[in-house]
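Visitor: Mind having a look at this structure? Questions to follow.
2 protein chains.
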Amino acid sequence: MKVTPLSGFPEFLPAQRVVEREVIASLAHTFELHGFAGIETRIVEPLDRLAKGGEIDKEIYVLRRLQAEGESAAADADKQLGLHFDLTVPFARYVLEHAGHLEFPFRRYQIQPAWRGERPQEGRYRQFTQADVDIVGRDVLPFHHDVEVMRVMVDALEALPIPPVSFQFNNRKLIQGFYRGIGVPDVTAAIRTIDKLDKLPEEAVAEMLVSDAGATPEQAARCLELATIRVPDTSFVAKVRALGVTDDLLDEGLAELAAVVEGCSSVDHQSVTVEANLRIARGLDYYTGTVVEIFMAGYERLKSVGGGGRYDALATDGRATYPGVGVSFGVSRALVPLVADGVLSGSRSVPSAVLVSVADEASRPEADDIAAVLRARGIPCEVAPSAAKFGKQIRHADRRGIPYVWFATTDADGVTTHEVKDIRSGNQVPADPDSWKPPAEDLRPTIRVSTGSTNEMEQDQ
Amino acid sequence: MKVTPLSGFPEFLPAQRVVEREVIASLAHTFELHGFAGIETRIVEPLDRLAKGGEIDKEIYVLRRLQAEGESAAADADKQLGLHFDLTVPFARYVLEHAGHLEFPFRRYQIQPAWRGERPQEGRYRQFTQADVDIVGRDVLPFHHDVEVMRVMVDALEALPIPPVSFQFNNRKLIQGFYRGIGVPDVTAAIRTIDKLDKLPEEAVAEMLVSDAGATPEQAARCLELATIRVPDTSFVAKVRALGVTDDLLDEGLAELAAVVEGCSSVDHQSVTVEANLRIARGLDYYTGTVVEIFMAGYERLKSVGGGGRYDALATDGRATYPGVGVSFGVSRALVPLVADGVLSGSRSVPSAVLVSVADEASRPEADDIAAVLRARGIPCEVAPSAAKFGKQIRHADRRGIPYVWFATTDADGVTTHEVKDIRSGNQVPADPDSWKPPAEDLRPTIRVSTGSTNEMEQDQ
Numbered sequence: 006m007k008v009t010p011l012s013g014f015p016e017f018l019p020a021q022r023v024v025e026r027e028v029i030a031s032l033a034h035t036f037e038l039h040g041f042a043g044i045e046t047r048i049v050e051p052l053d054r055l056a057k058g059g060e061i062d063k064e065i066y067v068l069r070r071l072q073a074e075g076e077s078a079a080a081d082a083d084k085q086l087g088l089h090f091d092l093t094v095p096f097a098r099y100v101l102e103h104a105g106h107l108e109f110p111f112r113r114y115q116i117q118p119a120w121r122g123e124r125p126q127e128g129r130y131r132q133f134t135q136a137d138v139d140i141v142g143r144d145v146l147p148f149h150h151d152v153e154v155m156r157v158m159v160d161a162l163e164a165l166p167i168p169p170v171s172f173q174f175n176n177r178k179l180i181q182g183f184y185r186g187i188g189v190p191d192v193t194a195a196i197r198t199i200d201k202l203d204k205l206p207e208e209a210v211a212e213m214l215v216s217d218a219g220a221t222p223e224q225a226a227r228c229l230e231l232a233t234i235r236v237p238d239t240s241f242v243a244k245v246r247a248l249g250v251t252d253d254l255l256d257e258g259l260a261e262l263a264a265v266v267e268g269c270s271s272v273d274h275q276s277v278t279v280e281a282n283l284r285i286a287r288g289l290d291y292y293t294g295t296v297v298e299i300f301m302a303g304y305e306r307l308k309s310v311g312g313g314g315r316y317d318a319l320a321t322d323g324r325a326t327y328p329g330v331g332v333s334f335g336v337s338r339a340l341v342p343l344v345a346d347g348v349l350s351g352s353r354s355v356p357s358a359v360l361v362s363v364a365d366e367a368s369r370p371e372a373d374d375i376a377a378v379l380r381a382r383g384i385p386c387e388v389a390p391s392a393a394k395f396g397k398q399i400r401h402a403d404r405r406g407i408p409y410v411w412f413a414t415t416d417a418d419g420v421t422t423h424e425v426k427d428i429r430s431g432n433q434v435p436a437d438p439d440s441w442k443p444p445a446e447d448l449r450p451t452i453r454v455s456t457g458s459t460n461e462m463e464q465d466q
Numbered sequence: 006m007k008v009t010p011l012s013g014f015p016e017f018l019p020a021q022r023v024v025e026r027e028v029i030a031s032l033a034h035t036f037e038l039h040g041f042a043g044i045e046t047r048i049v050e051p052l053d054r055l056a057k058g059g060e061i062d063k064e065i066y067v068l069r070r071l072q073a074e075g076e077s078a079a080a081d082a083d084k085q086l087g088l089h090f091d092l093t094v095p096f097a098r099y100v101l102e103h104a105g106h107l108e109f110p111f112r113r114y115q116i117q118p119a120w121r122g123e124r125p126q127e128g129r130y131r132q133f134t135q136a137d138v139d140i141v142g143r144d145v146l147p148f149h150h151d152v153e154v155m156r157v158m159v160d161a162l163e164a165l166p167i168p169p170v171s172f173q174f175n176n177r178k179l180i181q182g183f184y185r186g187i188g189v190p191d192v193t194a195a196i197r198t199i200d201k202l203d204k205l206p207e208e209a210v211a212e213m214l215v216s217d218a219g220a221t222p223e224q225a226a227r228c229l230e231l232a233t234i235r236v237p238d239t240s241f242v243a244k245v246r247a248l249g250v251t252d253d254l255l256d257e258g259l260a261e262l263a264a265v266v267e268g269c270s271s272v273d274h275q276s277v278t279v280e281a282n283l284r285i286a287r288g289l290d291y292y293t294g295t296v297v298e299i300f301m302a303g304y305e306r307l308k309s310v311g312g313g314g315r316y317d318a319l320a321t322d323g324r325a326t327y328p329g330v331g332v333s334f335g336v337s338r339a340l341v342p343l344v345a346d347g348v349l350s351g352s353r354s355v356p357s358a359v360l361v362s363v364a365d366e367a368s369r370p371e372a373d374d375i376a377a378v379l380r381a382r383g384i385p386c387e388v389a390p391s392a393a394k395f396g397k398q399i400r401h402a403d404r405r406g407i408p409y410v411w412f413a414t415t416d417a418d419g420v421t422t423h424e425v426k427d428i429r430s431g432n433q434v435p436a437d438p439d440s441w442k443p444p445a446e447d448l449r450p451t452i453r454v455s456t457g458s459t460n461e462m463e464q465d466q
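So the sequences go chain by chain: A and B.
Here the first sequence stands for residues 6 to 466, numbered as in this note's numbering.
Here the second sequence stands for residues 6 to 466, numbered as in this note's numbering.
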């Protein structure tokens, strides 16, 4: 049977998978340092929880058993299941289902795939892995958690060997308060319209503000004026004040945005920049305060590689409302292009730091014993699959990127001599299986960063 | 909207998830020490690759987009996708698709969920996680890899804090050679019949050997006689020889099985036992040599918690054949019952080792700074969500299982005193954020093993 790749379902080769694995391990490590619990949810949700009549509905994958005997699709509709298309819907359901067993505020991270049946293109896949961090309260969730969760993601992305990323923050209260303050009739429609600024020219957006949100041309011009404010610090406060609009919600939004920008800038970061960008709106209606989009240098064509914000009602079950704040990083969206472009690669295709050579099949048990001794000391290794000529065994290691080959030779008197060769330098030295170890940087596969791309990054970071 | 659990889709609470996470990390660690590359495959395969006309077909979940405009189900059949029901089918496809980019023998592990629409029951779920290790060659794969891959799984399960497991080995060549040697007409049917010994009484199996495999009653009796042999060492060789059957394939099977039992017994294991059990056949037709089933003490009702074997043609693409040998451990099948029974639990519901208390909201930045210092030294911690009374903050830690609470008090002269309280003992001592660290066993959540069950296990292992 001929095997062809499936469009929209990227798969990594073993050395490429090292990149994904190390990135996921690093993200999880940072999230755990901040005390976030790692959970996983089942991949399916009832269809009525997924499909909300929005744009995304037609991209939902629905499940059906191949031979669902006697069950017509229609009769089965009430228990139809679909694959989740993000990690927010399943998380909200998890919170409601398990609320009685959770402690609030509940801080969780979740790194899992999601599925959307959309047209595949660079950065957009039908199966894609996301990394989400959220904090959810019961009935109340103090604002300082907005600052906290955004700082966690800043720390997490700072620790990754990816191109520099920019966190662009805004606040829904700020926009809403400003629009209300200048008297725009339909504030919600205006926010949805201003969100199109990355796709449409300013004039077109201005016209839509008039036609769709009922704004006057003067109001539309002031909305656009607000949206042009973009600064790397809290100087946006003075710039907004200079526009002369007074509104309580605007004041609240300005104070919150300033706290988030300040809180995220206060840490010492090399490859993360933080900005207040007042055109960021995020189309989704459920955001109620802080909003953020994350962009990656050199990959602006992917649009954002992450985003999130504050939602005052992530979920509600009649007894309680669960406000939350969170942010998501698109692991596949960022890594698949970076790996395809050769910016990131794995240092080898196997975990083995050492290949234990085999002189002849009769001595395989001795080679196995040497490997066991090395493994007991935490050194990943494998034993040569055949007692081929040593040159061939070295090539076996070389093709997999294994840096060291171990040789044990026993002389006529039964005395065994151990030597280990660094096949990169050709250096071969005596070694004791009970004490030898490779340099720390050779112990495990690592991510190599290439400078061959347009990004300015350290080599082999 | 009312939320009810979905039968067959088990989900872990945060502290339970610690068990799964640590088990998966331990498995991956062992597999990597042995040089196996960790890969993941997409969760979907073309339906014609999944559905082979067997028992499992009706359990396959097929995907369909919710609003696949203009695509009738029939017209779309040739590109229909289903969820994989094991990790072997996708692995075989991965090998064929990427053969030109892989180095053989290719040694990989894969820890991912799979899906089957079967009736949910204990140990059987609609979504379940498996951990597979396989070695695949191109055209040839020496027998010693059978021993190798089984030793890897023995090592991996030995490292887990689960009840003792038993590896029960047999060899298809041994059974086939024996059946051929005594003249059973339909050897394949006989193997499939003898595999039913765990469900049917011996008399019924004997009758079926006559009716389905064309055996005489005498041949059926000798097949059953072979199947009763079960020993923890290589003494099965003499017992089979004593049955007086001569056949080349039988000899080969005896030698291979002896090598596997010896190879897996030679390592020093506490909680893994190894047996030759000549009634193990494994129904699947593709096994051609070594076969194994893994059972867990006290949980025999789950049937096996793992299994695998040798297949001389995992995949073939016209140019080459890919023989393989592998073994799978049912992570969900073993862990969901162990967690439900309280045998295994997580030591806490969050990664945090320390809760940094907050005296008043004005001092939150100082608490954040203390947390940052601890995190920079690898200590997971969180800051109290509110400046409540210290008693309430301590209860916040206690409910999550966080062992330490940090107190910083600044006197009128601006001098800050740091103290840390072990809330289990009540012990409170002065501490320096730049040097204090918790004992290693408190640093991360761990798996607790309860002796409350029928299993003899160490507590808090």
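Ideal Cβ placement from N, Cα and C applies to all residues, glycine included.
Owing to the predicted nature of the structure, the values given are computational and were not obtained by experimental measurement.
#1: Return the chain-ordered ranges of every beta strand (DSSP E) run that is complete within the segment 228 to 262 of chain B and spans a minimum of 3 residues.
#2: Helix, strand or coil for B/Leu319, going by three-state DSSP, please let me know.
#3: In chain order, what residues of the same chain have a beta carbon less than 8 Å from the beta carbon of B/Thr489, not counting five sequence neighbours either side?
#4: Assign B/Asp253 to buried or exposed, taking buried as 16 or more other Cβ atoms, counted over all protein chains shown, within 10 Å of its Cβ.
#5: Is the CB of B/Pro10 under 8 Å away from at least one CB in chain A?
#6: Buried or exposed: where does A/Arg124 fall if 16 or more other Cβ atoms within 10 Å of its Cβ makes it buried?
#7: Taking the alpha-carbon of A/His39 as reference, which of B/Gly105, B/His401, B/Asp290 and B/Leu360 has the nearest alpha-carbon?
#8: Can you tell me which of the three DSSP states B/Phe148 falls into?
#9: Determine the burial state of A/Arg404: buried for a count of at least 16 other Cβ atoms within 10 Å of its Cβ, exposed for fewer.
#10: Which residue comes first and which comes last in the alpha helix (DSSP H) that contains A/Lys397?
#11: Sorted by chain position, which residues of the same chain lie with C-beta nearer than 6 Å to B/Gly329's C-beta, five sequence neighbours on each side aside?
#12: In chain B, which residues lie less than 8 Å from A/Gly355 when you measure between Cβ atoms?
#13: So with CB distances below 7 Å, who are the chain B contacts of A/Pro385?
#14: Quick one: give me the first and last residue of the alpha helix (DSSP H) that A/Ser216 is part of.
#15: Is there a C-beta anywhere in chain B that falls below 8 Å from the one on A/Asp465?
#16: Skipping 5 residues on each side, what residues in its chain have a beta carbon closer than 6 Å to that of B/Ile234?
#17: Which residues, in chain order, does the segment 307 to 341 of chain A contribute to contact with chain B at a C-beta distance below 8 Å?
#18: Could you check the C-alpha separation between A/Ile65 and A/Arg54 for me, to the nearest Å?
#19: What are the boundary residues of the alpha helix (DSSP H) that includes B/Thr134?
#20: For B/Pro169, I'd like the list of residues in its chain whose CB is within less than 6 Å of its CB, leaving aside the five on either flank, ordered along the chain.
#21: Here's the rule I'm using: 16 or more other beta-carbon atoms within 10 Å means buried, otherwise exposed. How should B/Asp83 be labelled?
#22: For B/Asn176 versus B/Glu261, is the C-beta spacing smaller than 8 Å?
#23: Here's a check: name, in chain order, each residue in its chain whose Cβ is nearer than 7 Å to the Cβ of B/Ser12, leaving out the five neighbours to either side.
#24: Please determine, among A/Pro15, A/Ile407 and A/Val279, the residue with the shortest C-alpha to C-alpha distance to A/Trp120.
#25: Distance, Cα to Cα, B/Glu446 vs A/Asp365?
#26: Tell me, which residues are paired with A/Asp427 by DSSP?
#27: If A/Phe148 and A/Val297 are in contact, beta carbons under 8 Å, what's the gap, nearest whole angstrom?
#28: Name the residues in the segment 40 to 66 of chain B whose C-beta lies less than 8 Å from a C-beta of chain A; which are they?
#29: Excluding sequence positions up to five away, which residues of its chain have a Cβ less than 7 Å from the Cβ of A/Arg143?
#30: For A/Thr198, which of helix, strand or coil comes out of DSSP?
#31: Out of curiosity, what's the CA-to-CA distance linking A/Arg197 and B/Pro444?
#32: If you draw a straight line from the alpha carbon of A/Lys7 to that of B/Gly323, how long is it in whole angstroms?
#33: Can you confirm whether B/Leu68, when its beta carbon is compared against all beta carbons of chain A, has any partner nearer than 8 Å?
#34: Taking C-alpha atoms, which residue in B/Ser455, B/Asp427 and B/Gly419 lies nearest to B/Lys442?
#35: With a threshold of 16 other CB atoms inside 10 Å of the CB of B/Val210, please say whether the residue is buried or exposed.
#36: When we look at the beta-carbon of A/Val355 and count the other beta-carbons within 10 Å, is it buried (16 or more) or exposed?
Guide: Let me lay it out:
#1: Correct list: empty.
#2: Along the second sequence, read from residue 1 onward, the residue named residue 319 of chain B stands at position 314. Reduced to three states, the DSSP call for B/Leu319 is strand.
#3: The displayed coordinates of chain B run from 6 to 466. Any statement about residue 489 of chain B would go beyond what the structure contains.
#4: Start at 1 with the first residue of the second sequence, and residue 253 of chain B comes out as number 248. By the neighbour-count rule (16 or more Cβ atoms within 10 Å), B/Asp253 is not buried but exposed.
#5: Within the second sequence, the letter at position 5 stands for residue 10 of chain B. Yes, B/Pro10 lies at the interface with chain A (some Cβ there is under 8 Å from its Cβ).
#6: For the purposes of this step, residue 124 of chain A is identified with residue 119 of the first sequence, where counting begins at 1. Residue burial annotation: A/Arg124 is exposed, with fewer than 16 other C-beta atoms found within 10 angstroms of its C-beta.
#7: Residue 39 of chain A sits at position 34 when you count from the first residue of the first sequence. When the alpha-carbon of A/His39 is set against those of B/Gly105, B/His401, B/Asp290 and B/Leu360, the nearest one is in B/Leu360.
#8: Counting from one through the second sequence, the residue named residue 148 of chain B turns up at place 143. Three-state result, B/Phe148: coil.
#9: Along the first sequence, read from residue 1 onward, the residue named residue 404 of chain A stands at position 399. Counting Cβ neighbours within 10 Å, A/Arg404 comes out exposed, since fewer than 16 surround it.
#10: Working through the first sequence from its first residue, we reach residue 397 of chain A at position 392. Start and end: Phe395 to Arg405.
#11: As a first step, residue 329 of chain B must be located in the second sequence, where it is residue number 324. Within the same chain, Asp139, Val141, Tyr316 and Leu319 come within 6 Å of B/Gly329 by CB-CB distance, once the 5 residues on both sides are set aside.
#12: In the first sequence, counting from the first residue as 1, residue 355 of chain A sits at position 350. According to the sequence displayed, residue 355 of chain A carries Val and not Gly. For the C-beta of A/Val355, the chain B residues within less than 8 Å are, from N- to C-terminus, Gly40, Phe41, Ala42 and Arg112.
#13: Sequence index remark: in the first sequence, residue 385 of chain A carries index 380 (1-based). At a C-beta separation below 7 Å, A/Pro385 has these neighbours in chain B: Glu37, Leu38 and Gly40.
#14: For the purposes of this step, residue 216 of chain A is taken as the residue at position 211 of the first sequence. Going by DSSP, A/Ser216 is part of the alpha helix (DSSP H) stretching over Glu207 to Ala218.
#15: As a working note, residue 465 of chain A is residue 460 in the first sequence. Note that A/Asp465 scores a pLDDT of 38, beneath 50, so its modelled location is shaky; the value from the coordinates is reported in the next line. Cβ-Cβ to chain B under 8 Å: no for A/Asp465.
#16: Walking along the second sequence from the start, residue 234 of chain B turns up at place 229. Phe241, Lys244 and Leu283.
#17: Cβ contacts with chain B come from Asp322.
#18: Start at 1 with the first residue of the first sequence, and residue 65 of chain A comes out as number 60. Start at 1 with the first residue of the first sequence, and residue 54 of chain A comes out as number 49. The C-alpha of A/Arg54 is placed about 11 Å away from the C-alpha of A/Ile65.
#19: What you label residue 134 of chain B is simply residue 129 of the second sequence in a count that begins at 1. First-last for B/Thr134: Gln132 to Val141, but that is the beta strand (DSSP E), not the alpha helix (DSSP H).
#20: Along the second sequence, one-based indexing puts residue 169 of chain B at 164. Here the set comprises Ser276 and Ala302.
#21: Counting from 1 along the second sequence, the entry for residue 83 of chain B is found at position 78. Low local confidence applies: a pLDDT of 47 at B/Asp83 is under 50, so the model's placement there is unreliable, and no value is given.
#22: Residue mapping note: residue 176 of chain B aligns to position 171 of the second sequence, counting from 1. Residue mapping note: residue 261 of chain B aligns to position 256 of the second sequence, counting from 1. With contacts defined as CB atoms closer than 8 Å, B/Asn176 and B/Glu261 qualify as a contacting pair.
#23: Your numbering for residue 12 of chain B matches position 7 in the second sequence. Only Pro125 meet the Cβ criterion.
#24: Taking the first residue of the first sequence as 1, we reach residue 120 of chain A at position 115. Per the Cα distances, A/Pro15.
#25: As a first step, residue 446 of chain B must be located in the second sequence, where it is residue number 441. As a first step, residue 365 of chain A must be located in the first sequence, where it is residue number 360. CA-to-CA, the gap between B/Glu446 and A/Asp365 works out to about 44 Å.
#26: On the first sequence, position 422 is the one that residue 427 of chain A refers to. A/Tyr409, per the DSSP bridge assignment.
#27: By one-based count along the first sequence, residue 148 of chain A stands at place 143. By one-based count along the first sequence, residue 297 of chain A stands at place 292. That belief does not hold up - the Cβ atoms of A/Phe148 and A/Val297 are roughly 15 Å apart, past 8 Å.
#28: So the close ones are Gly40, Phe41, Ala42, Gly43, Ile44, Glu45, Thr46, Arg47, Ile48, Val49, Pro51, Leu52, Asp53, Arg54, Ala56, Asp62, Lys63, Glu64, Ile65 and Tyr66.
#29: Along the first sequence, read from residue 1 onward, the residue named residue 143 of chain A stands at position 138. Once the five neighbours on either side are set aside, the close Cβ partners of A/Arg143 are Phe109, Ala325 and Tyr327.
#30: Residue mapping note: residue 198 of chain A aligns to position 193 of the first sequence, counting from 1. Shown here, A/Thr198 sits in a helix according to DSSP, grouped into three states.
#31: Here residue 197 of chain A corresponds to residue number 192 of the first sequence, with the count starting at 1. Here residue 444 of chain B corresponds to residue number 439 of the second sequence, with the count starting at 1. Going from the Cα of A/Arg197 to the Cα of B/Pro444 covers about 52 Å.
#32: Mapped onto the first sequence, residue 7 of chain A falls at position 2. Mapped onto the second sequence, residue 323 of chain B falls at position 318. Roughly 9 Å separates the two Cα atoms.
#33: Along the second sequence, read from residue 1 onward, the residue named residue 68 of chain B stands at position 63. Yes, contact with chain A.
#34: The sequence position of residue 442 of chain B within the second sequence is 437, counting from 1. For B/Lys442, the nearest C-alpha among the options comes from B/Asp427.
#35: In the second sequence, residue 210 of chain B corresponds to position 205, counting from 1. By the beta-carbon neighbour count (other beta carbons within 10 angstroms, threshold 16), B/Val210 is buried.
#36: Here residue 355 of chain A refers to the residue found at position 350 when the first sequence is read from its first residue. A/Val355 is buried by the Cβ-count criterion.
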